[in-house]
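Below is one structure; the comments refer to it alone.
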Amino acid sequence: MLKIENLHARVEGKEILKGLNLSVNAGEVHAIMGPNGAGKSTLGNVLSGRDGYEVTAGSVTYNGVDLLMLEPEARAAAGVFLAFQYPVEIPGVNNTYFLRAAANAQRKARGERELDSMQFLKLVREKLKVMQISDELLHRAVNEGFSGGEKKRNEIFQMAVLEPQLAILDETDSGLDIDALKQVAQGVNMLRSPERAFLMITHYQRLLDYVVPDFVHVLADGRIVESGDKSLALKLEEQGYGGIGASHPAGVHA
Amino acid sequence: MNSSMINESSSAATLRDNADVAEVLGRSYSAGFVTEIEMTGLPPGLSEETVRQISAIKGEPAWMTEWRLQAYRHWLTMPRPDWAKLNIESIDYQAISYYAAPKAGLKSLDEVDPALLETYEKLGIPLHERAALAGVAVDAVFDSVSVGTTFRKQLAEAGVLFCSMSEAVREYPELVQKYLGSVVPTGDNFFAALNSAVFSDGSFVFIPKGVRCPMELSTYFRINAQNTGQFERTLIVAEEGSHVSYLEGCTAPKRDENQLHAAVVELVALEGAQIKYSTVQNWYPGDENGVGGIYNFVTKRGDCRGDDSKISWTQVETGSAITWKYPSVVLRGDRSVGEFYSVALTHHHQQADTGTKMIHLGKHTKSKIVSKGISAGRSSNSYRGLVKIEKGAEGARNYTQCDSLLIGKRCGAHTFPYMEVKNPTAIVEHEATTSKISDDQMFYCRARGIGEEDAVSMIVDGFCKQVFRELPMEFAVEAKKLLEVSLEGAVG
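Taken in order, these protein sequences are the chains called A and B. Counting from -5, one number per residue, gives the positions in the first sequence under our numbering. Counting from 34, one number per residue, gives the positions in the second sequence under our numbering.
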């Protein structure tokens, strides 16, 4: 589904990704771990199309299409979903309203029929039930006044409603206590399917206890330096990143 | 409106038939003269003669003419205001015509400016309303007689008086004499004085004791409206324990050759009465370079005359090259309440200097101000608010919130709050925020599939929610659409 080849990317003039290679197929769950400054968030931002990130070499192909040519809205419509590390607040904009606008914008771009508010509400309530999330979420403004855990749960809920093909979780585990982490993990697990792929960018190994990955990659100094299965994560937890021969560059944490 | 109703209200017909009036005015206006004026309007220029002519054309009683003349004489002594943070090219008052002839009705929508029709389309205005708004002869397209009749019947049953100001001067002179100018005296300010001298028409509303007006009153349904727009004068009186909600304006852009608009709106709420006055106005803002826009100077004031009365102003305004308006409430009665909710959007080269005044006189009076300014393009948006707590206003409370939202890098927002507090038991709170639509918010929306323009609309709508909530529902929907249309091209 996703093929990243020799990706080089710059932020604020500094090269962060230095030849990253990665292949992800439908149905797979990949975890990306690495020290600070290695380029984890840069990868997430480049894939979702954020301004300020310049790709200087390499390619990203998504379902045969050059992903880097698409605007962020088009990537979303194509089924790419980024669960943000720091979800922003949008005061006064109702959560349900926002989600419906997003869902319909994507449907329209894909030439699908848009949902009216009744249909959408039905869809949303189904998802809430499956994900075991309280429906009081529906009445609140997007992330306004949400705790860290609530924001992350909201991201997962949006994922459930928008049904992406490629879900990128950008340090979803950061700032969460054990209970919140378990809830988020539960949500992710419920969304696993043969048609969907997950790319989990994570700092600690904890999340991987609950969302068991098929592949684990170590991102260091702008490149994937090692890949393995879930046991690699445990090894990293014990030995730290030093054992992989990764440097610890100071500088821009993208 | 069928043509016979229009002729009935024509004051020229009244004048032709009533030589007494001419005598009282000390002039003899031949019927021909009046008809001619009707057809062509008065030539530009303002003098006592002009004022008399206007009054004569409208067939007004002597007391009304004299009231106008006093206002005019006072106006001559007043200096032009220039303290607002506005770039106003000097207005030449002698270059304006103070009585415009009624426009010849257009025969069909084909004669209407296509740009105007496009805006109606974008704003979702129903087809049959477009014709009326564009000035097409209404009876050709829309059977308003039936609508008007049911409406009037309901009001008559409730005892509510709702008609044009011109009609009220003729039909209800005692009421008009009692209340006109009691909230905004003719000498109150420069534009109020001008308006008092030359006002064309407006609304008159009277709600008798204890009556809850059975429907929202809208200017759209004000039958027999004469040439309004330029110098509109409105008076709403709510007797003890009565309630009324009044809607002014519409989202359709008002294109008007008359550049200067100076309106006066007076609200009187007696004991226990409530008046809600909502405005959604979309004036023609001038083109992208600010040429040809309307100058909109409005004095709006409510008098909470009785104890436990309440007056709320809610407005959503876009357009007009220059806006100068400060809806205010005088909280005279004990425990009276004044509210002001506003969204003012400026774009391109528009300048807005708006705000409100809450004057606390009575005890335990409360006021609430929520002002949201949105600036885009090269525009400038100023909020100027006065909260005045007089010595006798024991236990007065005010809450003011001014939020500014800037879109783009070349616009400006300014806040000038004034608080004069002469009573130590008063509590006055003021909060102000200034924000931009952040890049993070924009990206969040786009990463979910929402395009840039839709994202801006959505975020702006969220910003305005507190104010939109106060609008009657249909107006809220229109207001939202209006903002969306007005914000086109604001991004990037």
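Ideal placement from N, C-alpha and C gives every residue a C-beta, glycine not left out. These numbers were taken from a predicted model, which means no experiment stands behind them.
Legend entry - Residue span of the beta strand (DSSP E) that contains B:His294, given as start and end: Residue 294 of chain B sits at position 261 when you count from the first residue of the second sequence. Leu293 to Ala302 is the span of the beta strand (DSSP E), which, as asked, contains B:His294.
Inset, instruction - Measure from the alpha carbon of A:Leu201 to the alpha carbon of each residue in A:Arg217, A:Glu189, A:Ile172 and A:Asp208, then state which is nearest. - result: Along the first sequence, one-based indexing puts residue 201 of chain A at 207. Ranked by how close their Cα comes to the Cα of A:Leu201, the residues A:Arg217, A:Glu189, A:Ile172 and A:Asp208 have A:Ile172 in first place.
Inset, instruction - Provide the residue(s) that pair with B:Lys469 in DSSP beta bridges, ordered along the chain. - result: Along the second sequence, read from residue 1 onward, the residue named residue 469 of chain B stands at position 436. B:Lys469 is bridged to B:Leu439.
Inset, instruction - Would you give the residue range spanned by the alpha helix (DSSP H) that B:Thr351 belongs to? - result: Here residue 351 of chain B refers to the residue found at position 318 when the second sequence is read from its first residue. No alpha helix (DSSP H) contains B:Thr351, which is instead part of the beta strand (DSSP E) from Lys343 to Thr351.
Inset, instruction - Could you check what DSSP says for A:Phe92 in three-state terms: helix, strand or coil? - result: Here residue 92 of chain A is taken as the residue at index 98 of the first sequence, counted from 1. A:Phe92: helix per DSSP, three-state reduction.
Legend entry - Which listed residue (B:Ser342, B:Asp221, B:Ser233 and B:Asn329) has its alpha carbon closest to that of B:Val277: By one-based count along the second sequence, residue 277 of chain B stands at place 244. Checking every option, the nearest Cα to that of B:Val277 belongs to B:Ser342.
Inset, instruction - Compare the C-alpha of B:Glu272 against each of B:Ser468, B:Ala306 and B:Gly282 and name the closest. - result: Taking the second sequence and counting its residues from 1, the one referred to as residue 272 of chain B is at position 239. Comparing Cα positions, the closest option is B:Ala306.
Inset, instruction - Go ahead and pull the three-state DSSP assignment for B:Ala488. - result: Indexing the second sequence from 1 puts residue 488 of chain B at position 455. Assigned with DSSP and collapsed to three states, B:Ala488 falls in helix.
Inset, instruction - Could you list which residues in chain A have their beta carbon closer than 7 Å to that of B:Lys498, in chain order? - result: Residue mapping note: residue 498 of chain B aligns to position 465 of the second sequence, counting from 1. By Cβ distance, chain A contributes Gly86.
Legend entry - Supposed contact pair B:Ala230 and B:Arg101 - C-beta distance, whole angstroms, cut 8 Å: As a first step, residue 101 of chain B must be located in the second sequence, where it is residue number 68. As a first step, residue 230 of chain B must be located in the second sequence, where it is residue number 197. With 8 Å as the limit, B:Arg101 and B:Ala230 qualify as a contact, their Cβ atoms being about 5 Å apart.
Inset, instruction - Scan the stretch 184 to 223 of chain B and note each continuous beta strand (DSSP E) run of 3 residues or more that stays entirely inside, going in chain order. - result: 194 to 197
Inset, instruction - Could you give the DSSP three-state label for A:Lys8: helix, strand or coil? - result: Your numbering for residue 8 of chain A matches position 14 in the first sequence. Strand at A:Lys8.
Legend entry - beta strand (DSSP E) segment containing B:Ala24, residue limits: Examination of residue 24 of chain B is not possible in this model, given that chain B is present from 34 through 525 alone.
Inset, instruction - Would you mind reading off the limits of the alpha helix (DSSP H) that contains B:Arg88? - result: The count along the second sequence starts at 1 and reaches residue 88 of chain B at position 55. Note on residue identity: the sequence assigns Ser, not Arg, to residue 88 of chain B. Run containing B:Ser88: Glu81 to Ile90, per the alpha helix (DSSP H) assignment.
Legend entry - Cβ distance (whole Å) where B:His382 is taken to contact B:Ser412 below 8 Å: The residue you call residue 382 of chain B lines up with position 349 of the second sequence. The residue you call residue 412 of chain B lines up with position 379 of the second sequence. Confirmed, about 6 Å.
Legend entry - Residue-chain proximity (B:Arg481, chain A), Cβ-Cβ < 7 Å: In the second sequence, residue 481 of chain B corresponds to position 448, counting from 1. Judged by the 7 Å Cβ criterion, B:Arg481 is in contact with chain A.
Legend entry - B:Asn431 in three-state terms, based on DSSP: As a first step, residue 431 of chain B must be located in the second sequence, where it is residue number 398. In the structure shown, B:Asn431 sits in a strand (DSSP, three-state: E or B).
Inset, instruction - Counting only the same chain and skipping the five closest in sequence on each side, list residues whose C-beta sits under 8 Å from that of A:Ala135. - result: Translated into the one-based positions of the first sequence, residue 135 of chain A becomes position 141. Hits under 8 Å: Glu83, Ile84, Pro85, Gly86, Val87, Asn88 and Asn89.
Inset, instruction - Give me the Cα-Cα distance between A:Gly143 and A:Arg186, rounded to the nearest whole angstrom. - result: Position 149 of the first sequence, counting from 1, holds the residue named residue 143 of chain A. Position 192 of the first sequence, counting from 1, holds the residue named residue 186 of chain A. Using only the alpha carbons, I get a separation of about 21 Å.
Legend entry - B:Ala426 - DSSP class collapsed to helix/strand/coil: On the second sequence, position 393 is the one that residue 426 of chain B refers to. Of the three classes helix, strand and coil, the one that applies to B:Ala426 here is coil, per DSSP.
Legend entry - Within-7 Å CB hit, A:Glu149 to chain B: Taking the first residue of the first sequence as position 1, residue 149 of chain A is located at position 155. No, no contact with chain B.
Inset, instruction - Grab me the residues of B:Val84's own chain with a C-beta within less than 7 Å of its C-beta, minus the 5 sequence neighbours each way, in chain order. - result: Here residue 84 of chain B is taken as the residue at index 51 of the second sequence, counted from 1. The residues are Arg101, Leu102, Tyr105, Ala230 and Val231.
Inset, instruction - Report the neighbours of B:Ser471 on chain A: residues whose CB is nearer than 8 Å to its CB, in chain order. - result: For the purposes of this step, residue 471 of chain B is taken as residue 438 along the second sequence, with counting starting at 1. Per Cβ cutoff of 8 Å: Val82.
Inset, instruction - Check the C-beta distance from B:Glu265 over to B:Ser233 and give it rounded, since I have them as a contact under 8 Å. - result: For the purposes of this step, residue 265 of chain B is identified with residue 232 of the second sequence, where counting begins at 1. For the purposes of this step, residue 233 of chain B is identified with residue 200 of the second sequence, where counting begins at 1. The pair is a contact, with the Cβ atoms about 7 Å apart (cut-off 8 Å).
Inset, instruction - Look at the alpha carbon of A:Tyr56 and the alpha carbon of B:Ser437, and state the distance between them as a whole number of angstroms. - result: Mapped onto the first sequence, residue 56 of chain A falls at position 62. Mapped onto the second sequence, residue 437 of chain B falls at position 404. If I take the Cα positions, the gap works out to 41 Å.
Legend entry - A:Glu149 Cβ short of 6 Å to the ligand PLP heavy atom set: This structure lacks the ligand PLP, and indeed carries no ligand of any kind.
Legend entry - Where A:Asp129 meets chain B, residues with beta-carbon distance less than 9 Å: Within the first sequence, numbered from 1, the residue matching residue 129 of chain A stands at position 135. What A:Asp129 touches in chain B: nothing, since even the nearest Cβ is about 20 Å away.
Inset, instruction - Answer with buried or exposed for B:Thr312, where buried requires no fewer than 16 other C-beta atoms within 10 angstroms of its C-beta. - result: In the second sequence, the residue the question calls residue 312 of chain B occupies position 279. So B:Thr312 counts as buried.
Inset, instruction - Just tell me which of B:Met506, B:Ser199, B:Phe239 and B:Arg430 has its CA closest to the CA of B:Leu364. - result: On the second sequence, position 331 is the one that residue 364 of chain B refers to. For B:Leu364, the nearest C-alpha among the options comes from B:Arg430.
Inset, instruction - Using a Cβ cut-off of 7 Å (strictly closer), state whether B:Phe232 contacts chain A. - result: Looking up residue 232 of chain B in the second sequence gives position 199. Judged by the 7 Å Cβ criterion, B:Phe232 is not in contact with chain A.
Legend entry - Spatially closest choice to A:Tyr204 from A:Ala214, A:Lys176, A:Met184 and A:Val210, by CA coordinates: By 1-based counting over the first sequence, the position of residue 204 of chain A is 210. Comparing Cα-Cα distances from A:Tyr204 to each of A:Ala214, A:Lys176, A:Met184 and A:Val210, the minimum goes to A:Lys176.
Inset, instruction - Starting from the Cα of A:Tyr235, find the closest Cα among A:Met153, A:Ile26, A:Gly21 and A:Val5 and give me that residue. - result: Counted from its first residue, the first sequence places residue 235 of chain A at position 241. That would be A:Ile26, whose Cα lies nearest to the Cα of A:Tyr235.
Legend entry - Amino acids of chain A, ordered along the chain, whose beta-carbon sits closer than 9 Å to that of B:Ile492: Locating residue 492 of chain B in the second sequence gives position 459, where the first residue counts as 1. Correct list: Ile84, Pro85, Gly86 and Val87.
Inset, instruction - Check the Cβ-Cβ distances between A:Val5 and every residue of chain B, and say whether any is below 7 Å. - result: Counting from one through the first sequence, the residue named residue 5 of chain A turns up at place 11. Judged by the 7 Å Cβ criterion, A:Val5 is not in contact with chain B.
Legend entry - chain A contacts from the stretch 453 to 478 of chain B (Cβ-Cβ distance under 8 Å): Ser471, Asp472, Asp473, Gln474, Phe476, Tyr477 and Cys478
Inset, instruction - Inspect the beta-carbon positions of A:Leu193 and A:His24 and report whether they are closer than 7 Å. - result: If you number the first sequence from 1, residue 193 of chain A lands on position 199. If you number the first sequence from 1, residue 24 of chain A lands on position 30. Their beta carbons are under 7 Å apart, which means A:Leu193 touches A:His24 by this criterion.
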